[in-house]
Every structure is written in structure tokens, then in C-alpha cells.
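See structure below.
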Amino acid sequence: MMKKVTALCLLLTLTASLCGGCAGSVATSSGTSAESTGTSTTQSSPGSEQKTTAGGIIKLGAVLPLSGASAESGIACQQGLELAVAEINQNGGIEMNGDTYQLKLYCEDDGGSPDQSVSVATKLIEMDEVSVVYSSCLSSCALAIMDICDQYPDVLFTTIECTSDNFSTIIAQNTERYVNFYKPYYNSSDYGAAFGELIADLSEKGVIDFTNKTVAYIVEDTDAGRSCVKACEAALEKFCGGSTTVAAEVVTQGSTDFYSQINKFKALNPDVVMTFFVPLNSGVAYTKQVDEIGSDWVDIAFVYPLKAGFVEQTGAACEGLFWLPMQVDFWNNEECAAFADKVYEMFPNAGLNAMHLSSYLGVYMVSDAITQAGTNNARDGLAKTYGAMDYQTINGRYVFKEDHTAIASPEHLVISAAQVQNGEYKVVWPANFAYAEPVAQK
Amino acid sequence: MQNIYKLILLRKKQIAFVSAAAALLTLIAMPFVVTKIYYIHVLILCMMFSCITSAWNLIAGYAGVFSFGFQALFGTGAYVSALLSIHFGWSPWITMWMGAAAAMAVGALVAIPSLKLKELPYICIATLCMGEIIRLIASNFPELTRGELGLSQIPKLFQDNIKVKSYYLMLVILVVTLMIVVKIVHSPMGMSLKAMRDSQEASESLGINIAGTKIRIYMVGAFIAGFTGAFYAHYMNILTPTSVLGTALMTQYVAMCLIGGIGTIAGPILGSFTITASLELLRKLEDYRLIIYALLIIVTIIFLRDGIWGTFKSLIIARAEKHQNRNIKKETIV
Amino acid sequence: MLKVDSVNAFYGDVQTLFDVSMEIRENEIVTILGSNGAGKTTLIKTICNLLPIRSGSIYYKEERIDKVPPYKRVDLGMSLVPEGRRLFPDMSVMDNLLLGAYSLRDKKQIQENLEWVISLFPWLGERSKQSAGTLSGGEQQMCAIARGLMIRPQLVIFDEPSLGLAPVIVDQIFETLSKITRENNSTILLIEQNAQTALEISDRGYVLENGHVVLEGSSDMLLGSPEIQKSYLGL
Amino acid sequence: MNLSYWIEMIMSGVVTGTCYAMIGAGLSLIWGTLKMVNLAHGEYYMLGSYFLWTLLTVGNMPLIPAIIISIVGVVIFAAAVHFAAIRPLLRKPGWNMSPWILTLGLQILLQNLALKIWGELYRNVPYFWNTVFKPWNMFTMSGQRIIILTSTAVIIIALMTVIKKTRLGRAIIATSQDGEYAMMMGINIKQIYFITYTISAGLAAVAGILLCPVYSVNPWMGATVQTKGLVVCILGGLGNIEGAIIAGILMGIVESIAVSAIGSEWRDAIAYIFLLGVLYMKPSGLFGKKKGV
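First to last, the sequence lines map onto chains L, R, F and X. Read left to right, the first sequence gives residues 0 to 441 (numbering that gives the first Met the number 0). Read left to right, the second sequence gives residues 0 to 333 (numbering that gives the first Met the number 0). Read left to right, the third sequence gives residues 0 to 234 (numbering that gives the first Met the number 0). Read left to right, the fourth sequence gives residues 0 to 292 (numbering that gives the first Met the number 0).
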């Protein structure tokens with residue numbers, strides 16, 4: 000009896016203290032927005048505690064899947080953002096209207112679920128008073144957040160590596176509603192196009208045999224996965240004069256048992272098998288299992304080979320694998336390699352992948368935009384400036400189309416394909432970027 | 000001290016009523032007190048979960064049908080309402096009812112076969128499977144439901160001042176739900192439900208039509224869940240199969256119900272508020288958040304096996320009765 | 000042998016035993032009479048500590064056992080033949096018997112006891128492979144008794160052995176009971192409704208009514224007493 | 000669609016099935032005696048894999064000791080959990096859900112602890128025996144899968160003999176059938192609870208260890224397997240261990256047929272429909288007793 004009483008009291012006090020503590024910390028966090036760095040001169044009057052100039056500190060918020068099946072991507076993004084913010088602050092922060100401001104980053108976990116991401120975005124804006132929201136690296140979450148962006152016209156929303164086409168279509172329908180929402184990345188349809196061209200090119204070169212024009216797909220059950228199949232079919236229609244899809248297998252994200260699918264394909268005997276996974280484990284499992292059972296088709300992989308440790312975990316099994324997009328070349332592009340070193344310096348056991356760079360660049364783009372616009376308020380011109388930017392980075396050039404999506408093209412963000420040759424990634428396509436010749440698989 | 004206990008015993012109903020009224024008033028006052036919209040949002044979520052959990056509690060805690068597929072009904076309500084309002088452009092205010100009705104139908108479909116199953120785990124897993132099947136259907140017809148990408152741009156219920164208005168709507172839904180629950184629990188049906196829960200055979204011998212009662216209860220629960228789901232759809236304006244049909248939701252409402260105290264009326268609500276609120280407030284702990292959350296659950300259930308409210312209630316009542324007995328003894332002695 | 004001293008027991012908040020006291024001496028057969036709900040089964044549960052007692056005490060061979068966990072009873076040489084022939088239905092007769100001897104580790108002794116038990120109920124021998132659930136009522140009861148005897152207990156508690164059995168089998172069973180006492184000189188506590196047969200074989204008896212011991216004495220005395228005749232023998 | 004195709008398909012089904020079987024058997028065992036569903040069971044599977052990965056890569060231990068240590072580790076952990084958390088909750092009679100919700104909390108806890116300790120990256124364990132056989136050039140069989148099949152078979156047979164033939168086994172069955180009178184037979188059922196819980200945790204760990212080279216290791220790997228495990232132990236008839244094992248393998252085959260016949264996206268749906276169909280015809284599962292345990 001007494002035990003229960005004490006336990007009850009204990010629990011209640013605990014919850015109470017939690018509420019109290021958090022309420023308190025909320026107060027302090029809004030307090031910090033008033034504190035000013037020495038350089039800021041006139042701004043820090045009590046009136047200027049609004050988002051416009053947070054007196055010496057500019058707050059960035061990020062909604063990321065830090066737990067759950069997509070935690071790998073989410074944490075990668077978080078590390079990229081943190082790296083960039085730390086760097087900028089070390090170099091004295093960012094310049095706005097002659098004052099320099101420190102950046103402050105708030106990362107929140109949405110567990111990869113869209114409804115949570117909305118709550119979290121609201122929290123970031125309402126409680127932490129951030130002026131920029133990095134709205135997730137998952138298309139579904141970003142779309143959810145996109146839906147509330149018109150309620151907060153003062154805030155700039157920008158995604159990290161979301162590839163769904165739906166952003167473009169939705170924004171195109173109603174540009175002024177989504178005036179403060181941007182997607183600095185290309186669409187999965189662009190992936191598809193690249194896939195089609197690659198196939199055409201390779202079969203022309205005689206590297207792969209695409210005479211039957213039969214393709215089988217294994218994609219994960221995400222928007223990116225499913226829409227990629229359609230995109231690829233369309234592209235093959237365009238560049239190879241059509242193709243027959245012998246099988247389109249949709250597996251749950253992170254699933255690792257492909258024996259049945261591979262066996263099925265062996266009976267169907269396609270020319271090419273396209274696999275699209277974001278989590279590394281699916282990719283590794285597929286590659287190992289194909290190698291184990293043995294196949295006579297050409298494997299073309301999407302996304303997963305770039306995840307850290309792919310080659311190590313698959314070993315010889317991944318030799319000759321074609322894959323795209325080679326979003327970042329951490330191996331033969333010095334600047335990108337240098338960036339990789341920076342990441343490992345700050346996060347020794349990081350799982351380096353393209354997300355690190357995209358989020359890192361994301362911070363720089365925003366801070367430049369703020370400097371140019373002279374404000375950190377989306378309505379007062381930050382959004383406009385950000386949208387109009389032509390941003391040259393170590394990994395291509397970011398220019399937004401009128402649908403607020405970055406352009407994918409050899410001049411802008413190039414979608415290049417690589418092949419694993421003697422355990423190393425070599426860019427083999429498109430020709431003007433390739434520094435290695437594609438060789439026949441197996 | 001004794002007088003207090005005596006009071007509690009004699010005035011049980013009145014006390015309950017007064018405290019309920021007080022709670023209601025505070026909830027009504029909230030939007031005027033709380034300025035941050037975020038808090039309103041959290042409160043809406045709390046109330047929403049209270050509805051689902053109470054509905055589930057009605058089925059599991061009273062009827063003893065531990066359905067682990069209950070999220071499917073919530074999801075059905077949400078999806079049906081959303082799809083109707085998107086594709087036919089009907090007003091959400093109408094489609095919400097349709098969603099609820101659909102959920103009710105599904106509820107019946109789920110309930111009828113699972114009645115053949117006597118044992119708890121069989122019911123749990125069978126219903127879980129049904130729920131999962133519905134989820135898979137939702138995610139495997141992207142043409143209709145846009146699959147895992149989710150339905151977005153769902154018509155809103157309100158055009159301006161959304162949060163506060165939704166808050167009051169949700170409050171109304173919650174109050175109605177509770178009224179229904181209380182009514183059922185205190186009805187003869189409710190009594191028979193308790194009998195049923197405590198022993199199948201006994202109630203069979205009591206001549207209670209188990210199947211009929213269960214189905215009716217299940218459909219009531221389904222309706223509540225469906226309506227709440229529909230509200231959710233038009234409030235959040237985004238639906239994905241995993242978020243409204245997934246097992247994660249199931250784990251949440253089960254946890255809430257048992258933490259609060261299953262088989263009680265206030266328990267589920269208490270649980271929903273505690274867990275939802277703490278999940279949001281724990282954000283300060285960043286990546287330790289879910290660990291602490293899990294620990295909270297574990298500690299609560301170890302020390303308060305009947306849940307917060309369950310234990311509290313039994314404590315007070317037990318105490319009071321003991322005092323009463325003592326008094327009676329005294330009187331007899333004197 | 001066994002001494003129950005002013006025991007009070009509760010099911011939840013309901014008191015089911017009120018200051019029950021009784022004593023069973025060596026090599027006695029003692030019957031506890033009582034109608035349904037008189038608290039007979041509760042009494043057994045308390046003796047076996049399947050239902051912890053609120054107050055009072057229980058002694059077995061002068062040592063207090065009301066705090067000793069149930070599974071230790073067997074080591075003390077006390078064994079229970081449950082009411083309603085609760086065998087383990089999905090196990091073979093043999094496995095049931097072996098479970099009876101669970102507490103014994105000495106293979107040889109188990110074998111001996113097994114033979115002895117089979118000598119009591121010869122049919123158990125040839126049907127040892129049959130699963131216990133498929134036995135007839137009487138057979139199940141005998142199997143349960145056999146299981147209870149597998150440790151050659153000093154004290155056996157029989158909970159309504161005659162419940163729902165044909166008179167012929169009842170007599171058969173009670174015969175075996177008295178036989179056991181003779182052969183194994185063990186003590187028997189017999190819970191019964193069937194007063195006549197029970198009292199005939201037993202030395203003394205107690206009468207329980209809604210949780211109180213209302214009458215106790217030698218079997219003949221009880222058989223003679225008008226209350227018994229009225230309420231149990233239907234004379 | 001020649002013979003080798005079918006053999007190949009059945010084989011892949013069986014390999015997946017063994018995993019389900021191990022998890023299902025464990026869950027079934029726990030239900031039989033403790034009368035609770037252990038919702039943290041998948042996490043023991045996860046822990047098994049992680050322990051092995053840690054010992055192999057971080058501790059660079061030789062394989063065999065690493066495997067043994069990781070199994071022991073999981074068993075010890077499960078024992079600790081049992082004493083600390085589950086035993087205190089087992090007293091309450093009647094419809095008692097508190098152990099369920101406890102294990103639910105445990106599941107969340109372990110997943111996020113794993114995320115904290117081992118990080119978000121997907122870990123990979125090399126094949127124990129990295130060769131490929133082509134019996135009669137009919138189908139391919141990697142060394143790993145052979146190891147999986149043989150060791151599972153051995154373990155299952157061992158488990159069954161223990162349960163069927165030994166004193167302990169009798170005690171376990173007795174406890175699962177009638178705890179109260181099992182006690183009166185002199186069986187310390189608390190001890191039996193403890194033993195069964197740890198044994199089943201061990202089974203889960205073994206499954207995790209055998210399969211982690213084929214599938215890779217991450218904090219969330221337990222959840223899906225566990226759902227399948229639950230489905231399987233219901234399908235086999237709750238509390239019936241052979242049932243669970245057979246059902247597990249059956250389920251694996253059904254799934255792989257579903258994939259080749261219909262398509263991956265409906266794989267799980269087919270599995271669930273299969274269960275529901277069986278339950279509809281036989282409400283106590285394939286091998287369950289009429290009234291259930």
C-alpha cells in the first residue's frame with residue numbers, strides 16, 4: 000500500500016517537474032533570442048525581440064527522422080547541418096545589414112511520420128521562434144510540412160534531398176501559396192530520365208545487352224521508390240523506344256529477404272534489374288543474395304551504394320554494379336573528399352553519405368540568402384532572394400525553377416552514374432563527366 | 000481524516016461529477032490562458048487520443064475484446080472522409096459522418112469473425128492482422144490513396160483561426176464520447192459487459208448474448224474512433240498509411256490505456272494526456288527522449304500495475320472502506 | 000501430524016474461513032464434511048498455502064508451515080489429490096504418475112513407488128501410454144489418486160474423491176483409501192459430501208458450515224448425531 | 000517454371016521460415032507457462048545480432064566463442080529483465096495485461112538504447128561459411144543457409160527432446176496446463192517461469208545470430224520479425240511448440256509462394272490472410288487444442 004502511494008507521488012512529481020522544467024526552459028530559450036553578440040550595435044532593443052532580427056542570433060530549425068527506420072538519413076542530415084553551423088559561427092557568424100549574427104540550430108525528431116513532423120514544425124516555429132525550417136529529408140514529411148507553410152509567411156521552408164515530383168506539381172498549381180517553400184533538389188522523374196539515357200548509352204556501347212528490352216524492378220515502399228518505377232518506364236519509352244516491365248516488386252522499407260524475388264526474376268529472365276533502396280541494409284542484402292544465387296541480368300542500383308560501407312559490406316559481390324545518382328564523388332573530387340574529412344573530424348563514426356553534403360550546403364545557401372536579402376524574415380524578402388539564387392557549390396550549381404525545385408542538368412545538378420570497378424566507384428556516365436569506361440558486368 | 004473517507008464513499012457520484020465539471024471548465028478556459036498555438040495543438044492531440052483510447056477502453060477494458068487492430072478503424076474513418084472530400088469535393092462536415100459510418104462497418108467486419116475466438120491472444124493477433132491488411136491495402140493502391148507518400152491537401156474544417164476552432168470542436172467530440180462511454184458503462188449492458196470480461200462462462204450462464212453485445216459495443220467504439228479519425232484527417236490535412244493505420248499508433252493507445260488504468264473511465268483520458276504531453280515535453284531531452292519515455296512506461300506499470308488512475312482509485316476506495324469497516328466494528332463494540 | 004489453529008482466510012474481501020481449528024493425528028483417517036460453499040476447498044487451499052491465510056497458523060509435525068511455499072509440501076511428505084480429477088490431460092498416464100514423483104530424484108525409488116502404485120491400480124500398468132484426458136471419470140480419479148501416492152506420502156489430502164462417480168467406483172475408491180492407510184500407514188484427510196461412506200472408513204470427522212467448524216467428533220458419534228443424519232444422510 | 004525453380008522457392012521460404020519458427024516457438028513457450036505475450040521478444044533477436052557484431056568487429060573475437068558469448072549474454076540479460084520487471088507483475092490473477100504493456104515499454108526502450116549505443120548505421124556480419132553449393136546443378140545453396148538450416152534443426156530437435164522426455168520438460172508442460180496443481184506436485188513454478196523465459200530469449204538470440212549475416216543488423220530489425228513470430232505462434236496453436244515451429248516454416252513457404260505468384264507488396268497481406276483463414280476454419284490454430292491452452 001505505502002509503496003504504491005509513494006510510487007504514485009513520485010510519478011506525479013516527476014511529470015510535474017518535467018512540465019515545469021520544460022516550461023522554464025521555453026522561457027529561457029525565448030530569452031536567449033534577446034542576448035546579443037558584441038558586434039551587434041543598435042539592434043538589441045527590447046522591441047526587436049521578433050523574428051526579423053533576433054538580436055545577434057538567427058535560429059534555424061530542422062525536422063528530421065532521428066529515430067525509426069529512416070534514422071540513418073535523418074542523423075546524417077543533422078550532422079551536416081551541425082557541421083555547417085559550427086563552421087559559420089567559428090568564422091564569426093553571418094553578416095546581415097552590417098551586423099554579424101551567430102546561427103543557432105534546433106533539430107527535432109519526427110520519427111519519420113508526417114503528422115509528427117507537422118507538430119514538430121509548429122513547435123519549432125512557435126516555441127523556438129526559428130526563422131528557417133529545414134523540412135525533413137523524407138518527401139512525405141516535407142509534403143506535410145509544406146501544407147502549413149502558408150500559416151507562417153515569416154518563415155522560410157526548405158527541404159533536404161527530397162525527390163518526390165509532387166512538390167513541383169503542387170507548387171506549380173499555386174505558386175503564391177507556397178512562396179516560402181523551396182526544394183533545392185531534383186525530382187525522381189529526373190532520376191528516371193537519367194536511367195533511360197544510361198541504359199540507351201550502355202547498350203549502344205555494347206556494355207549491356209538490352210535486346211529483349213525487359214526490365215524488372217525492386218523498389219522500397221516509399222513515394223520515391225514507387226514513382227521511380229514510373230519515371231524509369233517513361234524514360235525507357237523515350238530513349239530506348241519502349242520496354243516491357245516483367246516484374247515490379249515493392250518491398251517494405253528496410254526489408255532484407257530477397258531470395259524469393261531473385262528466384263522469381265531468374266524465371267522471368269529480364270535484361271536489366273533496377274533496385275531502389277534508401278536504407279543500406281536492403282541494398283547490401285540484395286547484392287549479396289544476387290551474388291549467392293547467381294544471375295545473368297545487369298543490375299542497376301539507385302541511391303544505396305553511396306551509403307557508407309556499401310563496398311566493405313558487400314565485398315566482391317558488388318563488383319561491376321552500375322548505380323546512380325552519383326550525388327557526390329567523395330573519392331575523386333578533392334573538394335568533396337576534403338568535406339568528407341571535415342565530417343569525420345567532427346563525427347568520427349559518421350555514416351558519410353550525400354545527405355551530409357546536401358544539408359551542409361543547405362545552411363550555406365540560406366545564410367548567403369540572408370546576407371543578400373538583409374533579412375531573416377521570409378516575407379520581407381528572404382524567400383524571394385533564396386528563390387532567385389544561383390548558387391555554385393562544390394557539388395554543382397543550385398538554380399530554382401518557377402516550381403521552386405532545383406534544376407537537374409549537366410550545367411546545374413548533374414545526375415551521373417558510376418560503376419564499381421575493383422572495389423572503387425568510377426563515374427562512367429554522362430560522357431562529359433566520366434573519367435572511366437563502363438565495362439560489362441561479370 | 001475519517002470524515003473525508005466517509006465523504007468519499009457517500010458522495011462518490013457527486014465528487015466524480017464535480018471534478019469532471021472542473022476539468023471541463025479548465026479545458027474550455029485553456030485557449031484564453033495558453034497563448035502559444037503549439038500548446039493548443041498538443042492539447043488537441045491529447046484530447047484526440049483520449050477519444051481513441053476511451054473507445055478502445057470500452058471494447059478492451061469493459062467488453063474484454065483486446066483488439067490490436069483498432070487503429071484500422073481510426074484510419075478508415077480518416078481515409079474515407081479525406082478521399083470523399085477530395086475526390087467529390089464534399090464538405091468535410093458531411094464526409095466526417097460518412098467516415099465514421101465506414102469505420103463502423105469495418106468494425107462490424109472485424110468484430111464478427113473475431114468473436115469465434117475465445118482466448119485473448121488469438122483476438123489480439125487476429126485483429127492485429129486485420130488492421131495490417133487494411134494498412135497494406137491503403138499503401139498498395141497509390142492511384143487512390145497516394146500510398147506511403149500520403150494524402151495531402153485534405154480540405155480543412157475551418158479556414159481561419161484553425162487551431163482554436165479545432166480545439167473546441169475536438170473538445171465537443173471528447174465530451175460526447177465520454178457521455179456515450181459513461182452511459183454504456185452504467186447501463187445494464189455495461190454491467191453484463193463487466194460480467195463478460197471477468198468470466199466468459201459465468202456470463203454465458205447468466206444468459207447474456209455475448210456475440211450481440213460485443214458487436215454492438217465494437218461498433219460504438221468503431222464509430223467514435225472513425226469520427227475522431229475523420230477529424231484528424233481534416234485537422235492535420237495529411238494522411239499516410241503508417242501514421243494513421245500503422246501499429247505504432249496501436250502501441251500508443253494501448254500504452255495510454257494501461258498507463259492510465261484500463262477498465263476505468265478517467266484512466267484512458269489521464270493516460271492520453273500524460274503520455275502525449277510528456278512525449279512532447281520530453282523533446283528537451285532530444286535523443287534520450289524515447290528512452291526516458293519507455294522508462295516512464297515501465298516504472299509506472301511496475302509500481303502501479305493497475306495504471307495511475309486504477310491504483311489511485313483502488314487506494315482511496317480501499318482506504319475509505321477499511322475506515323468504514325473499522326467504524327462499524329467500533330459501533331458494534333460500543 | 001497436521002494441526003490447523005484458528006485460521007481465518009479471505010477470497011479478496013470475502014471471509015471464507017472463520018477461526019477454523021482442527022487436528023489430524025498419525026495414521027488417522029479424518030473426514031471433513033460440508034455442503035457446497037462450506038469452505039472445504041478453501042480449507043485445503045489454505046493447508047496447501049495456495050491461498051495465504053490472514054491469521055492463525057498451521058503446523059505439520061510440530062513445525063509451522065503456513066508460510067512455506069506450496070511446492071515444498073511434497074518434500075514434507077504431504078500430497079494432494081485434487082478435486083474434479085484435475086490431471087494434466089494432454090500428458091500420458093505415465094507422465095502424470097512421474098509428475099507425482101517429481102520431487103524424488105532417486106530413479107530406483109521412483110521405480111519402486113511406481114510398481115507399488117500399479118499394484119494398487121493394476122490397469123494403470125497396461126494403459127500407461129494413453130493420454131490422461133481420454134480416461135473415464137473413475138479411471139481419472141484413480142489415476143489422480145495414484146499420482147498423489149507416487150511419493151508414498153505420510154499425509155494424503157483427498158478433495159471430494161467420490162464427486163460425480165458411480166457408487167460402485169466410489170466403494171472401490173474408498174476401499175483403496177483404507178488399504179493405503181494399512182499398507183503405507185499414512186494419514187488421510189478426506190474432504191467429502193458423501194458422509195455415509197466417508198465416515199464409515201474414517202476415525203473422526205469435522206463438519207464445516209459456511210466457514211465455521213460446527214461439529215466434530217468420532218465417526219460413530221457423527222453418524223449418530225441428528226444434524227448429520229438430517230443434513231447429510233438424508234434420513 | 001521448372002523443378003529447380005520450385006525447389007529454390009521452397010528453400011528460400013524454409014530459410015525465412017526457420018527464423019519465424021524460432022521466434023514463434025519462444026513466444027509460444029512463454030505464453031504456455033507465463034500466460035503472457037512477450038512483446039519485447041524481437042528485441043532479444045536484435046540484441047543477439049548486435050552482441051555478435053560487436054564481439055566480431057569491435058572485439059575481433061573468433062566466431063565460435065563470439066556466438067556462444069552473445070547467446071549467453073542475451074540469456075543473462077533476459078534473466079535480469081525477468082527478475083527485475085516481469086516476476087513482480089505475474090502475481091495478479093485473471094485477465095492481466097500489465098506484463099504485456101511492460102514488454103511493450105521494454106521494446107521501445109531496447110530499440111532506442113540500441114540506437115544510442117550502436118548508432119543508426121546498418122551493421123553487417125560476414126557469412127560464417129562463405130561458399131556456394133549447386134547440388135545436381137538444380138539450385139544454389141550458400142554455406143550460410145546450410146548452417147542456418149542445420150543448426151536450427153538441431154536446436155529444435157534438442158528443444159523438443161528436452162520438453163518431451165526430461166523431468167524439466169514434464170514440469171514445463173504441467174505448469175502450462177495447470178500451474179496451481181503443478182505446484183502441488185512439488186514443482187517450483189516460479190523457477191519454471193524463469194527457465195522458460197530465458198530459454199525462449201535464447202532461441203530468439205540464436206535466430207538473430209544465425210540470420211544477421213544474411214540480413215543486416217539495425218535497431219529496428221526485431222519489430223517485423225516479432226509480428227511474424229506472433230502470427231506464427233497463433234497459427235500453430237498458442238502454447239504448442241511443435242505447432243509454432245511447423246507453422247513458422249509453413250508461413251515462410253507461403254510468403255515466398257506469394258511473392259512469386261502475386262508480388263512482394265502483398266507478401267505480408269497474404270501471410271495475414273492465411274492466418275485469418277486458418278483461424279476461421281480452426282479457431283484454435285492449426286495444431287491447437289479445442290479450448291486452447
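All residues carry an ideal CB built from backbone N, CA and C; glycine is no exception.
So what's Gly72/X in DSSP terms, helix, strand or just coil? Residue numbering aside, residue 72/X sits at position 73 when the fourth sequence is read from its first letter. DSSP places Gly72/X in helix when its eight states are reduced to three.
Inter-residue spacing [alpha-carbon to alpha-carbon] between Met113/X and Pro218/X: For the purposes of this step, residue 113/X is taken as the residue at position 114 of the fourth sequence. For the purposes of this step, residue 218/X is taken as the residue at position 219 of the fourth sequence. The question names Met, but residue 113/X in the sequence shown is Ala. C-alpha separation (whole angstroms): 6 Å.
Can you check which of these residues, Asp295/L, Gly314/L and Leu320/L, is closest to Tyr302/L by C-alpha distance? The sequence position of residue 302/L within the first sequence is 303, counting from 1. As written in the sequence, residue 302/L is Val, which differs from the Tyr given in the question. Ranking the options by Cα distance to Val302/L, first place goes to Leu320/L.
Quick one: what does DSSP say Gln228/F is sitting in, helix, strand or coil? Here residue 228/F refers to the residue found at position 229 of the third sequence. Helix at Gln228/F.
Determine the extent of the alpha helix (DSSP H) in which Glu196/L is found, giving its start and end residues. What you label residue 196/L is simply residue 197 of the first sequence in a count that begins at 1. Looking at the DSSP string, the run of the alpha helix (DSSP H) that includes Glu196/L is Ser187 to Lys204.
Could you spell out where the alpha helix (DSSP H) holding Gly287/X opens and where it closes? In the fourth sequence, counting from the first residue as 1, residue 287/X sits at position 288. Unbroken run through Gly287/X: none, as it is neither H nor E.
Kindly say whether Tyr133/L, judged by its beta-carbon, lies nearer than 7 Å to any beta-carbon of chain X. Residue 133/L sits at position 134 when you count from the first residue of the first sequence. No, Tyr133/L lies away from the interface with chain X (no Cβ there is under 7 Å from its Cβ).
When you compare the CB of Asn123/X with every CB in chain L, is at least one pair closer than 7 Å? Looking up residue 123/X in the fourth sequence gives position 124. Yes, its Cβ sits closer than 7 Å to a Cβ of chain L.
For a test of the three-state rule: what should DSSP assign to Val243/R, helix, strand or coil? Locating residue 243/R in the second sequence gives position 244, where the first residue counts as 1. Three-state result, Val243/R: helix.
Between which two residues does the alpha helix (DSSP H) holding Val298/R run? Here residue 298/R refers to the residue found at position 299 of the second sequence. Per DSSP, Val298/R belongs to the alpha helix (DSSP H) from Arg288 to Phe302.
Presumed contact (8 Å Cβ cut-off) between Val253/R and Leu103/X, rounded CB distance: Translated into positions along the second sequence, residue 253/R becomes position 254. Translated into positions along the fourth sequence, residue 103/X becomes position 104. With a Cβ gap of about 7 Å, Val253/R and Leu103/X count as contacting.
Spell out whether any CB of chain R is found under 7 Å from the CB atom of Asn111/X. Working through the fourth sequence from its first residue, we reach residue 111/X at position 112. Asn111/X counts as touching chain R.
Lys182/L and Thr158/L closer than 7 Å at C-beta: Residue mapping note: residue 182/L aligns to position 183 of the first sequence, counting from 1. Residue mapping note: residue 158/L aligns to position 159 of the first sequence, counting from 1. Yes, the Cβ-Cβ distance between Lys182/L and Thr158/L is below 7 Å.
Cβ pair Ile191/X, Met182/X closer than 7 Å: Start at 1 with the first residue of the fourth sequence, and residue 191/X comes out as number 192. Start at 1 with the first residue of the fourth sequence, and residue 182/X comes out as number 183. No, these two residues do not count as a Cβ contact at 7 Å.
The alpha helix (DSSP H) that contains Gly55/F, what's its start and end? Translated into the one-based positions of the third sequence, residue 55/F becomes position 56. Element bounds for Gly55/F: not the alpha helix (DSSP H) but the beta strand (DSSP E), Ser54 to Tyr59.
Closest Cβ-Cβ distance between Leu188/F and chain X: below 7 Å? Residue mapping note: residue 188/F aligns to position 189 of the third sequence, counting from 1. So, not an interface residue.
Contact residues within the segment 86-99 of chain F, judged by C-beta distance below 8 Å to chain X: Phe87, Pro88, Asp89, Met90, Asp94, Leu97, Leu98 and Gly99
Can you give the beta carbon distance from Met90/F to Ile240/X, rounded, assuming they're within the 8 Å contact cut? Sequence index remark: in the third sequence, residue 90/F carries index 91 (1-based). Sequence index remark: in the fourth sequence, residue 240/X carries index 241 (1-based). That belief does not hold up - the Cβ atoms of Met90/F and Ile240/X are roughly 14 Å apart, past 8 Å.
I'd like to know if Ser242/R contacts chain L, where contact means its C-beta is closer than 7 Å to some C-beta of that chain. As a first step, residue 242/R is located in the second sequence; it is residue number 243 there, counting from the start. Closer than 7 Å to some Cβ of chain L, the Cβ of Ser242/R qualifies, so yes.
Looking only at C-alpha atoms, which of Gly168/X, Phe138/X and Met35/X sits nearest to Ile6/X? Along the fourth sequence, one-based indexing puts residue 6/X at 7. Measuring from the Cα of Ile6/X, the nearest candidate turns out to be Phe138/X.
Could you check if His86/R is buried or exposed, using at least 16 other CB atoms within 10 Å of its CB as the buried criterion? Within the second sequence, numbered from 1, the residue matching residue 86/R stands at position 87. With fewer than 16 Cβ atoms within 10 Å of its Cβ, His86/R is classed as exposed.
If you measure beta-carbon to beta-carbon, which residues of the segment 131-158 of chain X are closer than 7 Å to chain L? Val131, Thr139 and Ser141
Excluding sequence positions up to five away, which residues of its chain have a Cβ less than 6 Å from the Cβ of Lys306/L? The residue labelled residue 306/L in the question sits at position 307 within the first sequence. Excluding sequence neighbours, Lys306/L sits near Leu279 and Asn352.
Assuming the contact rule is C-beta atoms closer than 8 Å, Thr52/R and Met255/R should be a hit. Round their C-beta distance to whole Å, please. The residue labelled residue 52/R in the question sits at position 53 within the second sequence. The residue labelled residue 255/R in the question sits at position 256 within the second sequence. Yes, Thr52/R and Met255/R are in contact; Cβ-Cβ is about 5 Å, under 8 Å.
What whole-angstrom Cβ distance do Ile39/R and Val32/R have, given they're in contact under 8 Å? Residue 39/R sits at position 40 when you count from the first residue of the second sequence. Residue 32/R sits at position 33 when you count from the first residue of the second sequence. Contact doesn't hold; Cβ gap of about 10 Å is too wide.
Range of the contiguous alpha helix (DSSP H) that encloses Gln326/L: Reading the first sequence from its first residue, position 327 is the one you call residue 326/L. Run containing Gln326/L: none; DSSP gives neither H nor E here.
Between the beta-carbon of Ile237/R and the beta-carbon of Gly149/R, is there less than 7 Å? By one-based count along the second sequence, residue 237/R stands at place 238. By one-based count along the second sequence, residue 149/R stands at place 150. The answer is yes: Cβ separation under 7 Å.
Could you name the residues of the same chain whose beta carbon sits closer than 6 Å to that of Ala101/R, not counting the 5 residues immediately before and after it, in chain order? To locate residue 101/R, count along the second sequence from 1; it is residue 102. Closer than 6 Å at the Cβ level, and outside the excluded window around Ala101/R, lie Thr75 and Val79.
If we define contact as Cβ-Cβ less than 7 Å, is Gly291/X a contact residue for chain F? Within the fourth sequence, residue 291/X is the residue found at index 292, counting from 1. Confidence in Gly291/X is poor, its pLDDT being 37 and thus under 50, which makes the residue's placement unreliable; the coordinate value appears in the next sentence. So, not an interface residue.
Do three or more CB pairs link the segment 17-36 of chain F to the segment 108-128 of chain F at distances below 8 Å? no
Can you find a C-beta in chain X that's less than 7 Å from the C-beta of Cys21/L? For the purposes of this step, residue 21/L is taken as the residue at position 22 of the first sequence. At Cys21/L the pLDDT is 44, less than 50, meaning the model places this residue with poor confidence; the figure from the coordinates comes in the next sentence. For Cys21/L, the answer is no, since every Cβ of chain X falls outside 7 Å of its Cβ.
Interface flag, Pro61/X vs chain R, CB-CB below 7 Å: Here residue 61/X corresponds to residue number 62 of the fourth sequence, with the count starting at 1. So no, Pro61/X is outside the interface.
Contacts that Glu264/X makes with chain R (C-beta to C-beta distance below 9 Å): Here the question's residue 264/X lines up with position 265 in the fourth sequence. Per Cβ cutoff of 9 Å: Leu135, Ser138 and Asn139.
Between the C-alpha atoms of Gly205/L and Trp322/L, what's the straight-line distance to the nearest angstrom? Within the first sequence, numbered from 1, the residue matching residue 205/L stands at position 206. Within the first sequence, numbered from 1, the residue matching residue 322/L stands at position 323. Near 17 Å, if we compare the C-alpha coordinates of Trp322/L and Gly205/L.
Cβ neighbours of Ile298/X in the same chain (closer than 8 Å, five flanking residues each side left out): Past the boundaries of the shown model lies residue 298/X; chain X is included only from 0 to 292, so the question cannot be answered.
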